[in-house]
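Colleague: Just dropping this structure here.
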């Protein structure tokens, strides 16, 4: 452990030093680095795929022994479909995005020749912890470099051979630029992660991408701010005034478009007035799509009342339990609950959802407005599928992840979630500027606070 | 402890419920609440000042016994100078500030009749922990209410009698509005704070205002995000090209304008080429203002070389130690260090400053630019006193505090540090909107991502 500690300190110090050194390098060099990374990955392709084969073979042994799921194994495979190409294209795409640094969000003339600018800048050193998929190494490295942050990456041990070669290619590419090659570092063990979580003097933000328990475990063990990407427990609420066609489309898409995604709906909330009208029709469509329904007593009774019309009732419809409404199914299963009013639905969502994305299907703007104000989630949608909650669909060009926290960044996070800001105050007066000249009384100056119209500064 | 826990849970639950209920109330009601609070405080003035006298008498006993400092006692006194009046005026001023919620920071047309808005909204429940000054109860309550957040407040035990009556007045004012009176609650004990720090399902942000050790202790004991207000270890760097007049004015103001403030300079960094020119003149002026200097060997030798001109050399100039550069003096003491270059000065600042505010005195824009890029602090100033780092001076109208973190809010924090945002997605299409209609292939739609020009939405 002592050696893990000293190794972690060396990694963290090198990351901070690389970050600080990079601040004096123009951002064009970071774009150049991304193009170098793409080239380096292309030329190391064979070697990387050999390592990937090795990871896959080791994983197959685990799957055969029943210690790993087949789904996890599939995620490791870099040769699957267009994964390799889209990984490379991702680097080029990130390189082409607008620079998130140097953007002015507040500018004020405090006095003649004294100007204040609040300018976006990188956060510093990121510690990113993620699961199996090895291409995440390249995605995250690209995002960190583009936004000017140094990063320490810890992937799943299942993909360690692949990840090691991907990191090697990245470091080799960086060594062809002015950016220190320690700007992006990979670590292999949990012990190193534990040691790094104690180093808040070097590491500025931890980004865990994985389960709720991973995020909570990290939050429990560090002073460093955590931008968590955890569960998505999304719901669709069918309001009293819901339109059947919209209800059918939005519920089906939210549940079945991609059930394993965090923005898929896990819970359907039905206004009690719809139990014998819209609800049976929606249930029929869900059953036709092979969805399993976990229903509360009223919604179950409503379906039982029309049982001859529902051949799948016995195989696909079951009573819910309280835990149904706290489960992220990530499969073709949907929990269903009846509520007597919009307000009750909002209270239910705030108590049970993971504050990710929740949707109302309604025909009245009053209900829409009440829902959007009252539901305390990163996304509050009206007549639109929860599946729209995504950085690409939102137009960010890329996605760092979907934050389930509400501090700093909330919901789908684009590159601007990886920057903070600093205040630059510049006096151009012959004598500089001092606070003692301002205040109340004879000869004292007053602050002007005139807005300066500027969207970016180069410095 | 068990009863503290259940009491804390009750407080936290009530706060969350109050927050959620308040989301359905128009923001004008929050402004009304602030005016009610002012009226209630005015009518309870006598009673509050009696309690304040009680706190002061108890504190005097502690001071006499040597268990409390006289400075702390003075901070308790609500009758001192115009403290009472300015507390009331503060409430009115906050009421008059622009609403920080409902502001659109991103709006995009994703498709015909499908519009996405990123809208500022309150964070939720704040837990604010602060020191002795009782009027902070009223300041924080006003800021929380204006920004739409519920708050749980814990002040110093020295002012508990006063704080209790101030809270009572606030709750009584709230009961005259539609806002639940549990929107602002005060707690008294550290045990309650400890219990609350475990309740991340109810509390969304902890704001400790106090010492570094308070902030670190809280960060060590909670999963809840922390917006810390800790030490200010600010520095002024005299660049090779520094102008004497600017150096004199900026250094003197940074050190002596208000030495107990977190934005006062604690360290002076002198380029070695100035050791026998500008440095002795600056030292002379500092000594004339009764400043104690803790000098490294070269800066000390430079002063010793002109000792006849410095009558205070023996009483006011001392050798520094490594810890001098890690000390927030908060008094008329200044640590001085010589550096051979701008780059060395930047490295020194990044290693020793608290990343609060640092200033360069220089005549070249190249040095200014390098300094502002390279120094990793919330404020990087050019030829302007570090004392400008302040929410009022920056033009925010108020100040929640000065954040020494770099996530969410950095540097002086105005009301916008107390809001987050949510994404509202609204379909106005006859059939609603589903993700399955978008993508690549025949009949699939493409995302438009047209910018919508709007600065605020009401919903």
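Chains as they are written, first to last, in the UniProt record's numbering: chain A, 1 to 459; chain B, 1 to 459.
Just so you know, even glycine gets a beta-carbon here, dropped at the ideal spot from N, CA and C.
Since residue 451 of chain A sits in a beta bridge, which residues does DSSP pair it with?
Modeller: For the purposes of this step, residue 451 of chain A is taken as residue 451 along the first chain, with counting starting at 1. For residue 451 of chain A, which the question treats as bridged, DSSP gives the partners A/108.
Colleague: In chain A, which residues lie less than 9 Å from residue 372 of chain B when you measure between Cβ atoms?
Modeller: By 1-based counting over the second chain, the position of residue 372 of chain B is 372. Within 9 Å Cβ-Cβ: 119, 422, 424, 426, 459.
Colleague: Quick check: the Cα distance between residue 94 of chain B and residue 415 of chain B, rounded to an integer number of angstroms?
Modeller: On the second chain, residue 94 of chain B is found 94 positions in, with the first residue counted as 1. On the second chain, residue 415 of chain B is found 415 positions in, with the first residue counted as 1. Their backbone Cα atoms lie some 9 Å apart in a straight line.
Colleague: Would residue 387 of chain B pass as a contact of residue 257 of chain B if the rule is Cβ separation under 8 Å?
Modeller: If you number the second chain from 1, residue 387 of chain B lands on position 387. If you number the second chain from 1, residue 257 of chain B lands on position 257. Yes. Within cutoff.
Colleague: Could you tell me which of A/115, A/364, A/87 sits nearest to residue 141 of chain A, measuring between CA atoms?
Modeller: The sequence position of residue 141 of chain A within the first chain is 141, counting from 1. Nearest of A/115, A/364, A/87 to residue 141 of chain A, Cα basis: A/87.
Colleague: Residue range of the beta strand (DSSP E) that residue 185 of chain A falls in?
Modeller: Against the first chain, residue 185 of chain A aligns to sequence position 185. In the DSSP assignment, residue 185 of chain A falls within the beta strand (DSSP E) that extends over 184 to 187.
Colleague: Taking 8 Å as the cut-off, decide whether the C-beta atoms of residue 249 of chain A and residue 431 of chain B are in contact.
Modeller: Here residue 249 of chain A corresponds to residue number 249 of the first chain, with the count starting at 1. Here residue 431 of chain B corresponds to residue number 431 of the second chain, with the count starting at 1. Yes, Cβ-Cβ distance for residue 249 of chain A and residue 431 of chain B is below 8 Å.
Colleague: Quick one: which chain A residues come within Cβ less than 7 Å of residue 225 of chain B?
Modeller: Taking the first residue of the second chain as 1, we reach residue 225 of chain B at position 225. Going along chain A in sequence order, the residues near residue 225 of chain B (Cβ under 7 Å) are 225, 405, 407.
Colleague: Tell me, please, whether the CB atom of residue 267 of chain B is closer than 8 Å to any CB atom in chain A?
Modeller: By 1-based counting over the second chain, the position of residue 267 of chain B is 267. For residue 267 of chain B, the answer is no, since every Cβ of chain A falls outside 8 Å of its Cβ.
Colleague: Got a sec: is the Cβ-Cβ distance from residue 20 of chain A to anything in chain B below 8 Å?
Modeller: Working through the first chain from its first residue, we reach residue 20 of chain A at position 20. Residue contact check for residue 20 of chain A against chain B: a CB pair falls below 8 Å.
Colleague: Rounded to the nearest angstrom, what separates residue 80 of chain B and residue 384 of chain B at their Cα positions?
Modeller: Translated into positions along the second chain, residue 80 of chain B becomes position 80. Translated into positions along the second chain, residue 384 of chain B becomes position 384. Looking at the two C-alpha atoms, the distance is approximately 32 Å.
Colleague: With DSSP as the reference, label residue 226 of chain A as helix, strand or coil.
Modeller: Residue numbering aside, residue 226 of chain A sits at position 226 when the first chain is read from its first letter. Strand at residue 226 of chain A.
Colleague: Would you mind telling me which residues of chain A sit closer than 8 Å to residue 431 of chain B, beta carbon to beta carbon, in chain order?
Modeller: As a working note, residue 431 of chain B is residue 431 in the second chain. Those within 8 Å of residue 431 of chain B in chain A are 245, 246, 249.
Colleague: Pick from B/458, B/278, B/451, B/286: whose alpha carbon is nearest that of residue 108 of chain B?
Modeller: Here residue 108 of chain B corresponds to residue number 108 of the second chain, with the count starting at 1. When each option's Cα is compared against that of residue 108 of chain B, the closest is B/451.
Colleague: Quick one: list the residues of chain B neighbouring residue 380 of chain A, beta-carbon separation under 7 Å, in chain order.
Modeller: The residue labelled residue 380 of chain A in the question sits at position 380 within the first chain. Under the 7 Å cutoff, chain B gives 422, 424.
Colleague: Please state whether DSSP places residue 438 of chain A in a helix, a strand or coil.
Modeller: For the purposes of this step, residue 438 of chain A is taken as the residue at position 438 of the first chain. Here residue 438 of chain A sits in strand by DSSP.
Colleague: Give the interface partners of residue 123 of chain B over in chain A, defined as CB-CB distance under 9 Å, in chain order.
Modeller: Sequence index remark: in the second chain, residue 123 of chain B carries index 123 (1-based). Correct list: 406, 407.
Colleague: So the candidates are A/3, A/163, A/435; which of them puts its Cα closest to the Cα of residue 130 of chain A?
Modeller: Locating residue 130 of chain A in the first chain gives position 130, counting from the first residue. Of the candidates A/3, A/163, A/435, the one whose C-alpha sits nearest the C-alpha of residue 130 of chain A is A/163.
Colleague: Closest by CA to residue 158 of chain A, which one among A/215, A/69, A/254?
Modeller: Taking the first residue of the first chain as position 1, residue 158 of chain A is located at position 158. The residue with the shortest Cα to Cα distance from residue 158 of chain A is A/69.
Colleague: What are the boundary residues of the beta strand (DSSP E) that residue 153 of chain A is part of?
Modeller: Position 153 of the first chain, counted from the first residue, corresponds to residue 153 of chain A. Residue 153 of chain A -> beta strand (DSSP E) spans 150 to 154.
Colleague: Could you give the distance in angstroms between the alpha-carbon of residue 133 of chain B and the alpha-carbon of residue 36 of chain B?
Modeller: Within the second chain, numbered from 1, the residue matching residue 133 of chain B stands at position 133. Within the second chain, numbered from 1, the residue matching residue 36 of chain B stands at position 36. A direct Cα-to-Cα measurement between residue 133 of chain B and residue 36 of chain B gives close to 22 Å.
Colleague: Any idea which residues DSSP pairs residue 333 of chain B with across the strands?
Modeller: Within the second chain, the letter at position 333 stands for residue 333 of chain B. DSSP lists B/292 as partners of residue 333 of chain B.
Colleague: If you scan the region 32 to 93 of chain A from start to end, which runs of the beta strand (DSSP E) of 3 or more residues do you find wholly inside it?
Modeller: Fully enclosed beta strand (DSSP E) runs of 3 or longer: not present.
Colleague: What residue range is occupied by the uninterrupted alpha helix (DSSP H) comprising residue 344 of chain A?
Modeller: Looking up residue 344 of chain A in the first chain gives position 344. Counted as a single uninterrupted DSSP element, the alpha helix (DSSP H) harbouring residue 344 of chain A occupies residues 342 to 352.
Colleague: When the Cα of residue 44 of chain A is compared with those of A/166, A/333, A/389, which residue comes out closest?
Modeller: The residue labelled residue 44 of chain A in the question sits at position 44 within the first chain. With distances taken between Cα atoms, residue 44 of chain A lies closest to A/166.
Colleague: Consider the Cβ of residue 199 of chain A: report whether some Cβ of chain B lies at a distance smaller than 8 Å.
Modeller: The residue labelled residue 199 of chain A in the question sits at position 199 within the first chain. No, its Cβ sits nowhere closer than 8 Å to a Cβ of chain B.
Colleague: Using a Cβ-Cβ cutoff of less than 8 Å, which residues in the same chain neighbour residue 447 of chain A once the five nearest sequence positions on both sides are dropped?
Modeller: As a working mapping, residue 447 of chain A is identified with position 447 in the first chain. 110, 111, 438.
Colleague: Would residue 389 of chain A pass as a contact of residue 410 of chain A if the rule is Cβ separation under 8 Å?
Modeller: In the first chain, counting from the first residue as 1, residue 389 of chain A sits at position 389. In the first chain, counting from the first residue as 1, residue 410 of chain A sits at position 410. No, they are not a contact pair.
Colleague: With DSSP as the reference, label residue 266 of chain B as helix, strand or coil.
Modeller: Your numbering for residue 266 of chain B matches position 266 in the second chain. Reduced to three states, the DSSP call for residue 266 of chain B is strand.
Colleague: Pick from B/449, B/454, B/8: whose alpha carbon is nearest that of residue 203 of chain B?
Modeller: Mapped onto the second chain, residue 203 of chain B falls at position 203. Checking every option, the nearest Cα to that of residue 203 of chain B belongs to B/8.
Colleague: Considering Cα atoms alone, identify which of A/375, A/220, A/393 is closest to residue 123 of chain B.
Modeller: Residue 123 of chain B sits at position 123 when you count from the first residue of the second chain. Residue 123 of chain B has its Cα closest to that of A/375, out of A/375, A/220, A/393.
Colleague: Could you please give the first and the last residue of the uninterrupted alpha helix (DSSP H) stretch that includes residue 303 of chain A?
Modeller: On the first chain, position 303 is the one that residue 303 of chain A refers to. Residues 297 to 304.
Colleague: Return no unless some Cβ of chain A is closer than 8 Å to the Cβ of residue 202 of chain B.
Modeller: Position 202 of the second chain, counted from the start, is the residue given in the question as residue 202 of chain B. It does not; no Cβ of chain A falls within 8 Å.
Colleague: Go ahead and pull the three-state DSSP assignment for residue 417 of chain A.
Modeller: Here the question's residue 417 of chain A lines up with position 417 in the first chain. Here residue 417 of chain A sits in helix by DSSP.
Colleague: Note down, in chain order, each residue of its chain lying with its Cβ closer than 7 Å to the Cβ of residue 29 of chain B, except the 5 sequence neighbours on either side.
Modeller: Counted from its first residue, the second chain places residue 29 of chain B at position 29. Excluding residues within five positions, the ones whose Cβ falls inside 7 Å are 177, 178, 179.
Colleague: For a cutoff of 8 Å on Cβ pairs, would you count residue 209 of chain A as touching chain B?
Modeller: Residue 209 of chain A sits at position 209 when you count from the first residue of the first chain. It does not; no Cβ of chain B falls within 8 Å.
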